[in-house]
Every structure is written in structure tokens, then in C-alpha cells.
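Engineer: Residue numbers (the working numbering), protein chains in the order written: chain A, 714 to 982; chain B, 714 to 982; chain C, 714 to 982; chain D, 714 to 982.
Think of the CB as a built atom: it goes at the ideal place given N, C-alpha and C, for glycine as much as any other residue.
There are 4 protein chains.
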Amino acid sequence: MPQVLLVAFSNRDDAVALAASILEQLRAKSVSAEFSLLDDEVQPNIDDRTLVVSFGGDGTFLRAARVAHTAGARVLGVELGKLGFLLNTPVADVLDEVLHALVDESFEPRLALSVRIPGLNEDAFAFNEVVVERARNGQMVRVQTFVDEDEYLLYSADGVLVATPTGSTGYNFSAGGPVIANELGVMVLTPIAPHFTIDRSVVLAGNSIVKLTAMDKSAAVLVDGRETAILSPGDSVVVRRNDTPVRVVATRNSELVNRLRKGLREGHA
Amino acid sequence: MPQVLLVAFSNRDDAVALAASILEQLRAKSVSAEFSLLDDEVQPNIDDRTLVVSFGGDGTFLRAARVAHTAGARVLGVELGKLGFLLNTPVADVLDEVLHALVDESFEPRLALSVRIPGLNEDAFAFNEVVVERARNGQMVRVQTFVDEDEYLLYSADGVLVATPTGSTGYNFSAGGPVIANELGVMVLTPIAPHFTIDRSVVLAGNSIVKLTAMDKSAAVLVDGRETAILSPGDSVVVRRNDTPVRVVATRNSELVNRLRKGLREGHA
Amino acid sequence: MPQVLLVAFSNRDDAVALAASILEQLRAKSVSAEFSLLDDEVQPNIDDRTLVVSFGGDGTFLRAARVAHTAGARVLGVELGKLGFLLNTPVADVLDEVLHALVDESFEPRLALSVRIPGLNEDAFAFNEVVVERARNGQMVRVQTFVDEDEYLLYSADGVLVATPTGSTGYNFSAGGPVIANELGVMVLTPIAPHFTIDRSVVLAGNSIVKLTAMDKSAAVLVDGRETAILSPGDSVVVRRNDTPVRVVATRNSELVNRLRKGLREGHA
Amino acid sequence: MPQVLLVAFSNRDDAVALAASILEQLRAKSVSAEFSLLDDEVQPNIDDRTLVVSFGGDGTFLRAARVAHTAGARVLGVELGKLGFLLNTPVADVLDEVLHALVDESFEPRLALSVRIPGLNEDAFAFNEVVVERARNGQMVRVQTFVDEDEYLLYSADGVLVATPTGSTGYNFSAGGPVIANELGVMVLTPIAPHFTIDRSVVLAGNSIVKLTAMDKSAAVLVDGRETAILSPGDSVVVRRNDTPVRVVATRNSELVNRLRKGLREGHA
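(1) State the start and end residues of the unbroken alpha helix (DSSP H) segment that holds B/T783.
(2) Can you check DSSP and say which residues form a bridge with C/T858?
(3) Taking the Cβ atom as the reference point for each residue, do B/T941 and B/L935 lie within a distance shorter than 8 Å?
(4) Does the beta-carbon of C/E864 have 16 or more other beta-carbons within 10 angstroms, so that it is buried, or is it exposed?
(5) Helix, strand or coil for A/I830 per DSSP?
(6) Would you please verify whether the beta carbon of D/V729 is less than 8 Å from any beta carbon of chain C?
(7) Within 10 angstroms of the Cβ of D/A786, are there 16 or more other Cβ atoms? Answer buried if so, exposed if not.
(8) List, in order along the chain, the chain C residues whose C-beta lies closer than 9 Å to that of D/H908?
(9) The stretch 840-866 of chain C: which residues have C-beta closer than 7 Å to a C-beta of chain D, in chain order?
(10) Please go through the stretch 716-750 of chain D and give each complete alpha helix (DSSP H) segment of 4 or more residues, from N-terminal end onward.
(11) By Cβ distance below 6 Å, which residues in the same chain neighbour B/A781 in space, the five residues on each side in sequence not counted?
(12) Ends of the alpha helix (DSSP H) at C/A805?
(13) Going along the chain, which residues of the stretch 951-975 of chain D sit with their C-beta nearer than 7 Å to a C-beta in chain C?
(14) Within 8 Å of any Cβ in chain C, is that where the Cβ of A/G890 sits?
(15) Return the Cβ separation of C/V843 and C/V970 in integer angstroms, given the expectation that the two are a contact with Cβ distance under 8 Å.
(16) I'd like to know whether the C-beta atoms of D/G769 and D/T882 end up nearer to each other than 8 Å.
(17) Who are A/P822's beta bridge partners in DSSP?
(18) Name the chain A residues whose beta carbon is nearer than 7 Å to that of C/I893?
(19) Sorted by chain position, which residues of the same chain lie with C-beta nearer than 6 Å to B/A728's C-beta, five sequence neighbours on each side aside?
(20) Kindly provide the ranges of any beta strand (DSSP E) runs that are 3 or more residues long and lie completely inside the stretch 926-954 of chain A, ordered along the chain.
(21) Just the Cα atoms here: how many angstroms apart are C/S749 and C/A777?
(22) Would you say the stretch 818-829 of chain D touches the stretch 864-881 of chain D, given that touching needs at least three Cβ pairs under 8 Å?
(23) Applying a beta-carbon distance threshold of less than 8 Å, which residues of chain A neighbour B/E940?
(24) Which residues does DSSP pair with B/P904 in a beta bridge?
(25) Taking the straight line between their C-alpha atoms, what separation do you get for A/N841 and A/N885?
(26) If I measure Cβ to Cβ from A/Q756 and keep anything under 6 Å in the same chain, skipping five residues before and after, which residues do I get?
(27) Reducing DSSP to helix, strand and coil, say where D/G851 ends up.
(28) Under 7 Å Cβ-Cβ, which residues of chain B neighbour D/E737?
(29) If we count the other Cβ atoms within 10 Å of its Cβ and call it buried at 16 or more, is C/K924 buried or exposed?
(30) Assuming C/E846 and D/N920 make a contact with CB atoms under 8 Å, what is their CB distance in whole Å?
(31) When the Cα atoms are used, what is the spatial distance from C/S967 to B/P891?
(32) Using the C-alpha atoms, what's the distance from B/D771 back to B/R725?
(33) Which residue from D/E896, D/A839, D/T903 and D/F838 puts its Cα closest to that of D/S869?
(34) Measure the alpha-carbon distance for D/G872 versus D/F838 and round it to whole angstroms.
(35) Are the C-beta of D/E896 and some C-beta of chain B separated by less than 8 Å?
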């Protein structure tokens, strides 16, 4: 098993090049390191002592976190800017962060979700959010929500999502939801473009069991941005906390306020 | 040409039954009246002196308005509630409203939109809104907006819409946009679930020419809720005021504050 | 010490009458019970075995919770509607709830806040929220926020508030903040009418220490809706979790979804 | 009468210095020009052929617009940044803009408001907005709105405002209201931090007569940010379009999209 697994998507030349450079420098320091493309979705051969290092944007980190979570490994995100090689931190600092993580075994446990979806044998893993939304553009869906079997609110909306703290600055944010500190073991339920119904998010305990039922139209289920299933009217997904959290190695880029500042900067550039 | 054309969708039994009853009573008073299903999308044989009366919900009114607009005719909406026969006004009142509209030729001119879409020979007609949105669930689109050729704001969002005052209480409202008095000749530009960009609507003059350009991903174009085209990256739609307004016969149900009260009541039932 | 202390404000005749009726019935059952008006702000003579029962609206419950918290006692809220005697639950049920709470000693621990304010010898107690806002109408204040000494976001706004889960359906909700499940030990930071700055709430861990600094104008500090101090420019308040939670006896009215439903119903009546 | 009246507030040294420099250069070109401080609120001696030029921020422009409106004169805003001398346009350009405005008599007519307030002999003039809000911090007010004598929505909120297009990027924006193109003759009604009531703005025709009634608590009336009166419960203010618009000389800084970009830039700096 490698001590370090560097990962990137092949369509980010800058990420692949940076990973290659770090790979070389790690090996020069006798660290056993490997590089793997995330494109093919094969689970790499790692165990819980491996450090997974992702090079890229939010999508890359999400995929790397899934890979790390499957093996119980830690994940460290090296974030590259949107356009070209706009790395926030110098290359030398990246190397230092990786080396530091090899000697300091600490990590932030981050809440992930487990999603039961009709027709799937296995629960899906989500690190950002689960969305139940209109199957087709131009429609609204009605989604009845339940928390711990109690009937909650009924939304007419483009969709309803359940996000983790990590995902709170993603689609949840766009939909008007609150930002949630990384370390909290809570979930947030947020409607997307609700029509004449309450448009506030609800922050729920991490041990809540949330059921989202598509009422009278079919609805799409998206897990971390990927369409995973289509619900027939009356079908439900059940969302709960994943048994094991994602182990994130904290860096300055992963701090909440820095993620916010980056979002504001890039959003209004 | 009939003096009155009653229209409904066949899947609303209550609407069809009410229309049949009104049809009979109009004929008993020697008014030349006909009934037509909206399902088949054939333009009925009417002219600008015909009064079109729609029986149903918002979708029915939208379709009836299109039919009336094509002929330069007036349209009167008889609104039925969502579930079963929850007509707000008694049947006798409906008859009275229709008869009154035959002697009083007044109407409210309402702004409609004309949309130029790549690949279509004819501009599309919109009475509620035009939406440029993600072609697939789970994506965001970047839409650059232009007003009268000046570069305006760039949105990363589920989509961006341009709505009429009539459409302001529809999808625009769900997306957070303002309610606009029916009689105003303005448009409103509203982003849907924008990510870290300005989320406010912009109210524009009716003679503005608004261009929405899909930047780096393909995007769907929806006109009054129907998917009408797919834009390739770089493609644009151009939205402007339709040359002729829709001629709406004002009733108590069409007044803005009553539409709002109904929305609040049904939304929170 | 009484087993039960019934409290109300004197200006709610219906509340006082209901309390008197319950008082009589409790005594008939040999429960030692007393009644106290909340108007005079004298801490009643109770200890941690007393059950405090509030009759009235949100303001009454807030004051009763403060009284109970000081003594380490439990508090049960009997909620009366806004206008006249619109009690949600029948009188017999109120009696049952009180009697049940005497034998079942369980309670929900709810997070409260402790607020250090310049010029005050003692930290203030807050059960809903602390607000730092413009001292005068027609101004905006700039408030710099810090979390655990790290510089956070700077807001130009009418004000900034830190709310508890209990307070999340109050002013925080009006300001656009999320609803938070009662049992969560978290705080939420929400700007009020922010100008061109991020308008999302941030949900923070319960052990966070939040500092709010009035930048260039004086600002008012409100604790649970009462103006408690005026900050000079540069002054700060420091908000942290109170050492002891408020002990709330759970009833159907105190459940989050019922509080929401009530709010929606009364808000849109 | 001077051809040009330059105005500024005395507490902006940079504005006063710039105005003095422009004054000198205008006189060197034989333009009759004068400088006046805005501090003392005396209406300067000008007529409708005078060009008023304001040096400063939004507050300065607001005051200068009032001065110009009283005389039927045009107003041109030279906008200085928030901190120090952060003028967006070079000094030479300012001179050019002023000279150009002397030969080109065009202007943008902008809607202003006229407000009838109990106890005042004269209607107040507003160029940004009229606010009816809680008289004291920590309260909510209930404001009943009427449009053309029809009962509209009832708000429980910090306040309710009626803004002009010019004011739409001010307090209205903070409160969640839409941006409105400068040239539109409409008003916008926006609640501030409404509690469990509809939080959308309503855009109304310019000839609407809007009445705002303080229901059960006294409320403050603010006109362009100044507290102008206190309403007793039951009192109303009546807002309508001012008979004469404000005559604004258009510059690049006054264009809507540039005002937005400036707001976003300064807001997130």
C-alpha cells in the first residue's frame, strides 16, 4: 500500500502536472507515493493508513473523499483555482502540508450521508448533498418531508435537498441555505425555488432520519451532483448519517471562512 | 366566428363540465358560443372579436392566452382550484362575467414576450417567462446577460429567467423575484439558485432587449414551462416585448392581490 | 418551595384567568402551587425542583425560562394564541401536562447564551438571541465578527444577531436565518438587512466564542428583545454558550414543526 | 444665478478639495460657478438653468438632488469612493462631464416621491425611499398596506418601505428588494425582516397611491434615511409620485450596472 495516493482528473492538465511534480519530490524523500486518475472510478488499492491527496476543484475533492472514505483513509485537498494554474498556495507549501500530514495523524471527522434509494441494493454515499428534484425541466415537484417518521413540511419546488456541513457551501448555499461549520454533526434540509411555501432551511440533528417522498410526479435523485435514480410518484428516499465520517486533513484552504472568502471573490470577479 | 370560445384541458373533468354548463346557458341566451379542447394545439377558428374563456388553472389560462393572442382576441380566465371543483366564484357569477364582457369591450393590455431562439424560424411567444437553464440535473450553467447590447451580470446558477408581470407570481416568485403589478409594461430578470453571485432580480424597461448567452455548457430554453430548444455553448436567446399585448378581461380573480392571497392560502394549506 | 409556580403577565387577562383555574385544580389535588406575575421582575422563591409553568405567548415563555434558569428549575410553556383565548389545547389537557411533568422528571436541555457587555458587571443571559444593531433608525452599522478570535465576516447592515435554536424561529427567522432543531447545541449568526455583503447565516458550534465589534458607529445591544447597552465605536460584545442549559418540559406545542405550522398559520391568516 | 453650483459636505475634505479645484477651472473658462456647503440646509440661490454638481457619496448626491429638485435644476453626481480620494474618474474627466452638461441640456427624469405625514404641513420629498418602521429597537411593527384604497398585505416586520428606482439599490436592496432600472416610473414596496409573512417585494405603477398604516404600535417614519415623524397607532402615511421628477445628468457612474458593480466590489472588498 502506498503511504500517499495523489489523485486528479485527466482533464485538468494543471492538476496532473502539479501532482506529478509532488509525486517526484515525495519519492525523492523516500515516501512511497502513487498517482491515480479519478476518471475510471476503479477503487485504488489503498488502506486506512494511506493519505489521499486531491488536486483540483470541488468536484475532484468530492471524488477523492469518496475514494478515501471507502478505505477509511484520510483525504487532503489541494485546491486549484478555476482557470489555469491559479493555485492559492505555493508548490513548496503543498509538499510541506503533505509531509506534515504523514507525521501528524490528526484529521477532522466530517459528517457524510447514507441514502437508501428504491431499486438500489446498496445505500449511496453522499458527502455534499442528496437532492430530490423535478425529473424534467419546466415542472415543479411536490415533496413531502418526514423527520424520524413525523410528517414535516410539504414543498412545491424545483426540489428539496439534504446537505452536510461540507456541502453547505455548495448547492445548499445557492438555494439560500445557511453555511454550517465543518465540524458540526448536523444536516440541513433546504428547498430549491419553493413556490408559495416556507423557503427557510431547517437544521436537523445528525441522527435524524429524513424521508423525502415524491408526491404526484416522478422525481430525480441526485447524489453529490450525479443523477442516481428516478423516483416514481409515491417513492421515497431515506437519508441518514453515514456510519463513518470522512477524515479530512485540515488545511488553511479547508477552513470555512476561507472557503467563503474564495466563493465571494470568484463569484464576483 | 363564435362570439365566445370556451376552452379547457380534457384531463380536468370539472373544468370541462363547467364549460359545458356555461356553453348551454350562453346558447340559451342566443350567444353564439363554442367549446374547444386545448389538448390538440390546433388554433381554433376565431377572430379578434371573439372572447376566449379559459376554465382551469394557471396552465390552462396560459394556453388560452396564447390562443387569444394569435387571433388578437380577448381572454377571460375562470379559475378553478387545484383539487376537484373548488371554484372561487359561483357558476351564476361566471355567466355574469362572460355576459358582461360581451357588452363591455374593455380589457387590460398585458405585456408578452417574443423570443428569438437559434434554429427556430419564428420567434416564440411567452406570456409568463423565458428560462435559460441547465440542460441536465446536477449541473450549473453560466449565463452572461446583456441589456441593449451592454454587458450586464454573469450568473452561475441553475438558470436565469425573464418574466412578464403576469408571470411574476409564477416561477419568478419561486426563484425569489418580486411581484409586479399586472398593468406595468416591464420585464424582470431573475437568477435561479445563483451560486455566490448577486441573487437580486433586476426590473427592466419593457423596450429593453435582453440577451442571455449560455457560456460553457449547453442549456435548455423553456418558454412558458415548455422545453423549446437546447442551446450549445456560446448560443444566445434574445428576449424582447411582443408587438401586441395580451388582452385580458379583468376579473376579481385576476387582480394581483387576490392572486397573492390565493398563492399564500394554497401554499400553506 | 412550591412544586409548581404558575406565571403570566398581568396584561393578558386570559392567561391570568387560565392560570388561576389551573392553580385551583392543582391545589384540589394537593399539589403545592403558587401564582406569580412576571411584571415586577423579582425572582420568585423557587428551587431546582419547582416546575415553572408559563401562560401566554413567546414573550411570557422567554421571561419564565429566565426565571426557571436562574433557579435551575424546569419550565413548561402553555401557549395562548395572539388574540383572546385561542388556546390550542383544552384546559383539561393543560392540567394533564402539568401533572404528568410532576411525575416524569425528564426535560429537554436547550442551549442558552451568556453575553459579556462592556460596562456590565455580570454576563447577560439570552435564551433567544443577542443583537448588535444600529443605535438609531436610518443608519447602517458595520459589525466585524470574530469566531474563536479568528476574523470572520464584516457586515454592513441594520444589525447582526446570534441566536439559539429556541430563538431560531424568532428574529433570526425574520432576518432570513434557518430554523434549527431545538435539541441542537449550536448557535446561528445572521445579518439583518445586510447591504451588498453575504446575506447567509452561519451555523456555529456551541462552544464557539463569538465577538461582535461595532466598527465606526455606536450600536445598540439587545438581549432577548430588550435594549441592554449602547456600544461605542470599537466596543465589542462576546457571546458564548451559557454554562447551564434551560430545562424545557417538552409538549406538543414546543415541537419545532408545530411552532413552524403555527407561525405560518398566524402569519398568513 | 450661477451656471454651475458645486456642492459637498464639509466633513469630506477630499470632496471639498476636488470641488474647489473644479471651481477654479470652470471660472478660468469663464463659466459662472459657485460652491456651497450642504451642511446648513439653506436652499442656495439657483434656478432651473443651474447645473448642480455633487461631490461625495450617496448621501451627498441625495441632498444635492433635493436642492436641485426644489429649483427644477439638473443634478450631476461626481462620486467619490468611501475612503479617502478614491475617485473612479480622473479630475480632467470630471471637468469634461460638467462642461459637456452645460452645452447638452439633456437629462434623465427620475421618479421621486411625495409623502403626506400626519402633523406636517407640507408633503415630504423623497428620492430614495420612505420607511415606516419600529419606533424602538427590539420591537416589531404591524403595518397594513393599501394601494389605491384597496387593502393589500399586512406585514409584521421591522418595517415596510416604498422605494424609487434610484433608491432600489439602497435600503430596498438590503431588505431583499429588486434592483429597478433608473428610467422606470414605478415604485417598489418591500418589507424589512418580515416575520412569517410574505417577504417578496411588490413593484407598483408610478401613479399608485400607497398608504402605510401603523397598526398597534407607534412607528417611525424615515424619509431618505432621516427620521421625520413618529406615527401613533392607527396613523398612516400616504406615498405618491412627486409631480416633478428629479433631473439627473447621466454619467457612466450613474448607470445601473455600474452602481451594482461598485456595490459588489465595495461590499466584498
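Structural biologist: Based on what the coordinates show:
(1) The residue given as residue 783 of chain B occupies position 70 in the second sequence. Element bounds for B/T783: D771 to A784.
(2) Stepping through the third sequence from its first residue, residue 858 of chain C is reached at position 145. DSSP output for C/T858 lists C/L925 as bridge partner(s).
(3) Numbered from 1 along the second sequence, position 228 holds the residue referred to as residue 941 of chain B. Numbered from 1 along the second sequence, position 222 holds the residue referred to as residue 935 of chain B. Their beta carbons are under 8 Å apart, which means B/T941 touches B/L935 by this criterion.
(4) The residue you call residue 864 of chain C lines up with position 151 of the third sequence. Answer is exposed; the Cβ neighbour count stays below 16.
(5) Numbered from 1 along the first sequence, position 117 holds the residue referred to as residue 830 of chain A. Note: A/I830 maps to coil in three-state DSSP.
(6) Numbered from 1 along the fourth sequence, position 16 holds the residue referred to as residue 729 of chain D. It does not; no Cβ of chain C falls within 8 Å.
(7) Taking the fourth sequence and counting its residues from 1, the one referred to as residue 786 of chain D is at position 73. Buried.
(8) Position 195 of the fourth sequence, counted from the start, is the residue given in the question as residue 908 of chain D. Those within 9 Å of D/H908 in chain C are G883, Y884, F886, S887, G976 and G980.
(9) E846, N850 and G851
(10) 726-741
(11) Here the question's residue 781 of chain B lines up with position 68 in the second sequence. V765 and V788.
(12) Counted from its first residue, the third sequence places residue 805 of chain C at position 92. From DSSP, the alpha helix (DSSP H) with C/A805 extends over V804 to V816.
(13) none
(14) Stepping through the first sequence from its first residue, residue 890 of chain A is reached at position 177. For A/G890, the answer is yes, since a Cβ of chain C falls inside 8 Å of its Cβ.
(15) As a working mapping, residue 843 of chain C is identified with position 130 in the third sequence. As a working mapping, residue 970 of chain C is identified with position 257 in the third sequence. No, C/V843 and C/V970 are not in contact; Cβ-Cβ is about 26 Å, not under 8 Å.
(16) Here the question's residue 769 of chain D lines up with position 56 in the fourth sequence. Here the question's residue 882 of chain D lines up with position 169 in the fourth sequence. Not in contact: D/G769 and D/T882 (Cβ atoms no closer than 8 Å).
(17) Translated into the one-based positions of the first sequence, residue 822 of chain A becomes position 109. A/P822 is bridged to A/R960.
(18) Residue 893 of chain C sits at position 180 when you count from the first residue of the third sequence. Going along chain A in sequence order, the residues near C/I893 (Cβ under 7 Å) are V916.
(19) By 1-based counting over the second sequence, the position of residue 728 of chain B is 15. Counting only Cβ-Cβ distances below 6 Å, and skipping sequence neighbours, we find A721, F768, G769 and L793.
(20) 932-936, 939-944 and 949-954
(21) For the purposes of this step, residue 749 of chain C is taken as the residue at position 36 of the third sequence. For the purposes of this step, residue 777 of chain C is taken as the residue at position 64 of the third sequence. One C-alpha to the other measures close to 10 Å.
(22) yes
(23) Against the second sequence, residue 940 of chain B aligns to sequence position 227. In chain order: R849, N850 and G851.
(24) Reading the second sequence from its first residue, position 191 is the one you call residue 904 of chain B. DSSP, once it has assigned bridges, lists B/V873 as partnering B/P904.
(25) Along the first sequence, one-based indexing puts residue 841 of chain A at 128. Along the first sequence, one-based indexing puts residue 885 of chain A at 172. Between A/N841 and A/N885, the C-alpha separation is close to 9 Å.
(26) The residue labelled residue 756 of chain A in the question sits at position 43 within the first sequence. The residues are T783.
(27) Position 138 of the fourth sequence, counting from 1, holds the residue named residue 851 of chain D. Note: D/G851 maps to coil in three-state DSSP.
(28) Indexing the fourth sequence from 1 puts residue 737 of chain D at position 24. Result: empty, since nearest Cβ-Cβ is about 35 Å, beyond 7 Å.
(29) Locating residue 924 of chain C in the third sequence gives position 211, counting from the first residue. C/K924 should be labelled buried.
(30) Locating residue 846 of chain C in the third sequence gives position 133, counting from the first residue. Locating residue 920 of chain D in the fourth sequence gives position 207, counting from the first residue. With 8 Å as the limit, C/E846 and D/N920 do not qualify as a contact, their Cβ atoms being about 36 Å apart.
(31) On the third sequence, residue 967 of chain C is found 254 positions in, with the first residue counted as 1. On the second sequence, residue 891 of chain B is found 178 positions in, with the first residue counted as 1. Spanning the two alpha carbons is a distance of roughly 34 Å.
(32) As a working mapping, residue 725 of chain B is identified with position 12 in the second sequence. As a working mapping, residue 771 of chain B is identified with position 58 in the second sequence. Cα to Cα, the separation comes out at about 13 Å.
(33) In the fourth sequence, residue 869 of chain D corresponds to position 156, counting from 1. It is D/T903 whose Cα lies nearest to the Cα of D/S869.
(34) Residue numbering aside, residue 872 of chain D sits at position 159 when the fourth sequence is read from its first letter. Residue numbering aside, residue 838 of chain D sits at position 125 when the fourth sequence is read from its first letter. Distance between the alpha carbons of D/G872 and D/F838 is about 19 Å.
(35) Mapped onto the fourth sequence, residue 896 of chain D falls at position 183. With 8 Å as the cut-off, D/E896 counts as an interface residue toward chain B.
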